[in-house]
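When you read off a place in the sequence shown, starting at 1, and then add 31, the result is the number in our numbering.
Just so you know, even glycine gets a beta-carbon here, dropped at the ideal spot from N, CA and C.
Since this is a predicted model, take the numbers as computed values, not measurements.
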Amino acid sequence: MKIKKMQKRLFGTNGVRGVIGKEITPELALRIGQALGTMRPGHIAVGMDTRTSGPTLADALKAGLLATGCDVVDCGILPTPALQYIVKEHYDGGAMITASHNPPEYNGVKIIEPDGTEMGDEETIRLEEQLSDKSLPTKPWDRVGTEIAAPHLIEEYIQSIAGQFPEKPGNGMTVVVDPGSGPACQTTPAILQALGCRVITINGIMDGTFPGRLPEPSPDGLKGLAALVVASKAAFGVAHDGDADRAVFIDENGSFIEENKEFSLITQHICRNAKGTIVTPVSTSQVVELIANKEGCTVQYTPVGSIYVARTMRELIAGGKLVVFGGEGNGGLIFPKHQFCRDGGMTAATMVSLLATTGQRLSLLVAQLPERHMIKEKIATPHGSRLIELLNKRYAQENIDCTDGLKIKRQNTWALIRASGTEPLIRIMVDANDKKAGSALYQEMKNSVYEILQTLS
Ligand code: MG
């Protein structure tokens, strides 16, 4: 049942991504279009976020698809989860031009499977093999594809989320939305209005120069949102990353809610209505498991990356398990009743439902969660995978989990050490219920890492 991570050459955990004109060029987009068109013949939906380089890459990618005989459905600018929903409902595959939370000079491509999930490792490796094939096939004049524009399909996505909340829980609740000049300008305000909310926006005009804030919804970048939440006496503020598959929140006092706490609150809300399994990567804070267990639910862990979460959810369900929720500790949450991908619009709508159900202020709900202490650190080394092997041996007698890197569990405290797949470094993460225990475990891990590294260099 466990899904294993496989190493890819070009694609990372969320598609191919890089700086436009350097790693990412129209030529590469053209070849991705040809490779995808060869692998997934049929109707392919194409969408993009608001980046200035979007049209260049989209046109090149569409040309590649058309040349291999695919029919292209151009959905224009929309959130990644909106394109995923549209593909799941209507088409044979999709390609999203986006660099998610990366700065404006970045762009990339996420490939979407017919079921709306992001392409898994095995298929992505096949796509990469096609890409390196010098002679990608093109079709003759009478078999090239056709293209239609379908900007109206975004409406189906908005309605699909609004339809999950027929009781209209908004009921006049004031919410401030910060789509960060990204594609959610077109969706999240409309979704929340359909739920009965009074919506105020900031950075609500689509603009690929990102004049208000960067696409990463960091606490620093959301100061404007926080001030507006307080000034407008809103129930909460919500912000998205550059392609709106993630959502993060500001409480009514203007405080940023750490994403693992956000995950926990929504877990609590969902588990009170449905019992089953929650799926999340090994890097998620234990606060989610503590809350899930308290509500009579269990947690299944996966490698780090939303595709592993989504695919594990699907496999568990196929095996007859009841899976009620999934997600990552970065505001990327997956609602299986809606679709099997992270969805920022759905997350924002669920927060409205959560507040309406509890009748409590968001800051108080956050304050009731168990306190956790997290430490995150990077150490530069080219020996990442060998180091993990040796650490594995050193801690073999302990309660360990090798789903992704090495996770050492001691009561309610754990440490995770993972080698980066793209950079010469390792990541150490500690999550503890007590600050002192957390620091002690972190220090011990760091010492072990340096001790082993000395033998390797
Ligand atoms: Mg994203």
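**Study point:** Residues near the ligand COA, criterion Cβ-heavy atom distance below 5 Å
**Key:** Of the ligands this structure carries, namely the ligand MG, none is the ligand COA.
Check your understanding: Can you name, in chain order, every residue of its own chain whose Cβ lies under 8 Å from the Cβ of L61, other than the five neighbours on each side?
Key -> Within the sequence shown, numbered from 1, the residue matching residue 61 stands at position 30. If we look at L61 and ignore the five residues flanking it on each side, its Cβ neighbours are A91, L92, A94, G95.
Point to revise | Every unbroken beta strand (DSSP E) within the region 53 to 125, with a cutoff of 3 residues, ordered by chain | key: Within the region 53 to 125, the complete beta strand (DSSP E) runs of at least 3 residues are 74 to 79, 102 to 108.
Practice item. Pair every Cβ in the region 342 to 360 with every Cβ in the region 303 to 315, then say whether three or more of these pairs are closer than 8 Å. Key: With three or more CB-CB distances shorter than 8 Å, the region 342 to 360 counts as touching the region 303 to 315.
Point to revise | Limits of the beta strand (DSSP E) - the one that Y332 falls within | key: For the purposes of this step, residue 332 is identified with residue 301 of the sequence shown, where counting begins at 1. Element bounds for Y332: 329 to 333.
Practice item. Output the boundary residues of the alpha helix (DSSP H) element that contains R157. Key: The residue given as residue 157 occupies position 126 in the sequence shown. Per DSSP, R157 is one residue of the alpha helix (DSSP H) stretching across 152 to 163.
Exercise for review: Return the CA-CA distance between A278 and A427, expressed in angstroms with no decimal places.
Suggested key: Within the sequence shown, numbered from 1, the residue matching residue 278 stands at position 247. Within the sequence shown, numbered from 1, the residue matching residue 427 stands at position 396. Their Cα atoms are separated by approximately 38 Å.
Point to revise | Local conformation of F494 per DSSP, three classes | key: Given that the chain is displayed from residue 32 to residue 488, the structure contains no residue 494 and the question cannot be resolved.
Review point. Do you know whose CA, among G350, L259, G68, lies nearest L158's CA?
Key: Within the sequence shown, the letter at position 127 stands for residue 158. Per the Cα distances, G68.
Review point. Quick one: what does DSSP say I322 is sitting in, helix, strand or coil?
Key: For the purposes of this step, residue 322 is identified with residue 291 of the sequence shown, where counting begins at 1. The three-state reading of DSSP puts I322 in helix, counting H, G and I together.
Check your understanding: Looking at the unbroken beta strand (DSSP E) that takes in F356, where does it start and where does it end?
Key -> Along the sequence shown, one-based indexing puts residue 356 at 325. Note, F356: beta strand (DSSP E), 354 to 358.
**Study point:** Assigned secondary structure, M405 (DSSP; H/G/I helix, E/B strand, else coil)
**Key:** As a first step, residue 405 must be located in the sequence shown, where it is residue number 374. Correct three-state label for M405: strand.
Check your understanding: My guess is that I459 and E408 are in contact by the Cβ rule of under 8 Å, so how many angstroms apart are they, rounded?
Key -> Within the sequence shown, the letter at position 428 stands for residue 459. Within the sequence shown, the letter at position 377 stands for residue 408. Rounded to whole angstroms, the Cβ separation of I459 and E408 is 5 Å, and the two are in contact under 8 Å.
Point to revise | Own chain, CB closer than 7 Å to P168, minus 5 neighbours either side, in chain order | key: The residue labelled residue 168 in the question sits at position 137 within the sequence shown. Excluding its 5 nearest sequence neighbours in each direction, P168 has C-beta neighbours in its own chain below 7 Å: T69, T99, listed in chain order.
Review point. Just the Cα atoms here: how many angstroms apart are Q442 and T434?
Key: To locate residue 442, count along the sequence shown from 1; it is residue 411. To locate residue 434, count along the sequence shown from 1; it is residue 403. Here the C-alpha atom of Q442 lies approximately 19 Å from the C-alpha atom of T434.
Review point. In whole angstroms, what separates the C-alpha of V330 from that of N324?
Key: In the sequence shown, the residue the question calls residue 330 occupies position 299. In the sequence shown, the residue the question calls residue 324 occupies position 293. Near 8 Å, if we compare the C-alpha coordinates of N324 and V330.
Review point. Three-state secondary structure (DSSP) at F287?
Key: Working through the sequence shown from its first residue, we reach residue 287 at position 256. DSSP places F287 within a strand segment (E or B) once states are collapsed to three.
Review point. Who pairs with T444 in a beta bridge, going by DSSP?
Key: Taking the first residue of the sequence shown as position 1, residue 444 is located at position 413. Answer is R441.
Exercise for review: Less than 8 Å between the CB atoms is what I'm expecting for T412 and I457, so what's the real figure, rounded?
Suggested key: Here residue 412 corresponds to residue number 381 of the sequence shown, with the count starting at 1. Here residue 457 corresponds to residue number 426 of the sequence shown, with the count starting at 1. Confirmed, about 6 Å.
Check your understanding: How about the region 381 to 388 and the region 287 to 298: do they share at least three Cβ pairs that are nearer than 8 Å?
Key -> Result yes; three or more Cβ-Cβ pairs closer than 8 Å.
Exercise for review: Report yes or no: do three or more beta-carbon pairs, one from the region 131 to 144 and one from the region 234 to 249, lie closer than 8 Å?
Suggested key: Cβ pair count under 8 Å is three or more, so yes.
Practice item. Give the C-beta separation of D274 and P214 to the nearest angstrom, bearing in mind that I take them to be a contact with Cβ-Cβ under 8 Å. Key: Position 243 of the sequence shown, counted from the start, is the residue given in the question as residue 274. Position 183 of the sequence shown, counted from the start, is the residue given in the question as residue 214. Contact between D274 and P214 holds: their C-beta atoms lie close to 7 Å from each other, under 8 Å.
Check your understanding: Could you give the uninterrupted runs of the beta strand (DSSP E) lying entirely in the region 362 to 407, keeping only those of 3 residues or more?
Key -> As far as the region 362 to 407 is concerned, it has no whole beta strand (DSSP E) run of at least 3 residues.
Practice item. For M127, count neighbouring C-beta atoms within 10 Å of its own C-beta (all shown protein chains included) and say buried if the count is 16 or more, exposed if not. Key: Walking along the sequence shown from the start, residue 127 turns up at place 96. With 16 or more Cβ atoms within 10 Å of its Cβ, M127 is classed as buried.
Check your understanding: Going by DSSP, what residues sit across from I410 in a beta bridge?
Key -> One-based indexing of the sequence shown puts residue 410 at position 379. I457.
Exercise for review: Please determine, among G64, T81, P86, W172, the residue with the shortest C-alpha to C-alpha distance to G125.
Suggested key: Position 94 of the sequence shown, counted from the start, is the residue given in the question as residue 125. That would be G64, whose Cα lies nearest to the Cα of G125.
Review point. Under 7 Å between the Cβ atoms of I179 and L109?
Key: Within the sequence shown, residue 179 is the residue found at index 148, counting from 1. Within the sequence shown, residue 109 is the residue found at index 78, counting from 1. Judged by beta-carbon spacing, L109 lies beyond the 7 Å limit of I179, meaning their Cβ atoms are not closer than that value.
Exercise for review: Report buried or exposed for S163, applying the criterion of at least 16 other Cβ atoms within 10 angstroms of its Cβ.
Suggested key: The count along the sequence shown starts at 1 and reaches residue 163 at position 132. It counts as exposed.
Check your understanding: Measuring CA to CA, which of G375, C228, R417, M476 is closest to E515?
Key -> The displayed coordinates of the chain run from 32 to 488. Any statement about residue 515 would go beyond what the structure contains.
Review point. What is the residue span of the beta strand (DSSP E) that T308 lies within?
Key: Here the question's residue 308 lines up with position 277 in the sequence shown. That run of the beta strand (DSSP E) goes 308 to 312.
Exercise for review: Identify which residue in G327, G211, V319 has its Cα closest to the Cα of N304.
Suggested key: As a first step, residue 304 must be located in the sequence shown, where it is residue number 273. Answer by Cα proximity: G327.
Check your understanding: Going by beta carbon distance, what residues of the same chain come within less than 7 Å of R12, once the five residues before and after it are set aside?
Key -> Since the first residue shown for the chain is 32 and the last is 488, residue 12 is missing from the structure and cannot be characterised.
**Study point:** First through last residue of the beta strand (DSSP E) which encompasses K466
**Key:** By 1-based counting over the sequence shown, the position of residue 466 is 435. Note, K466: premise wrong, no beta strand (DSSP E); alpha helix (DSSP H) at 466 to 487.
Check your understanding: In three-state DSSP terms, what is E136?
Key -> Here residue 136 corresponds to residue number 105 of the sequence shown, with the count starting at 1. Shown here, E136 sits in coil according to DSSP, grouped into three states, outside any helix or strand.
Exercise for review: Count the other C-beta atoms from every protein chain shown that fall within 10 angstroms of the C-beta of R388, then say buried if there are 16 or more, exposed otherwise.
Suggested key: Position 357 of the sequence shown, counting from 1, holds the residue named residue 388. The residue asked about is misnamed: residue 388 is Thr in this sequence, not Arg. T388 comes out exposed.
Check your understanding: Mapping DSSP to helix, strand and coil, what is F280?
Key -> Here residue 280 is taken as the residue at index 249 of the sequence shown, counted from 1. Note: F280 maps to strand in three-state DSSP.
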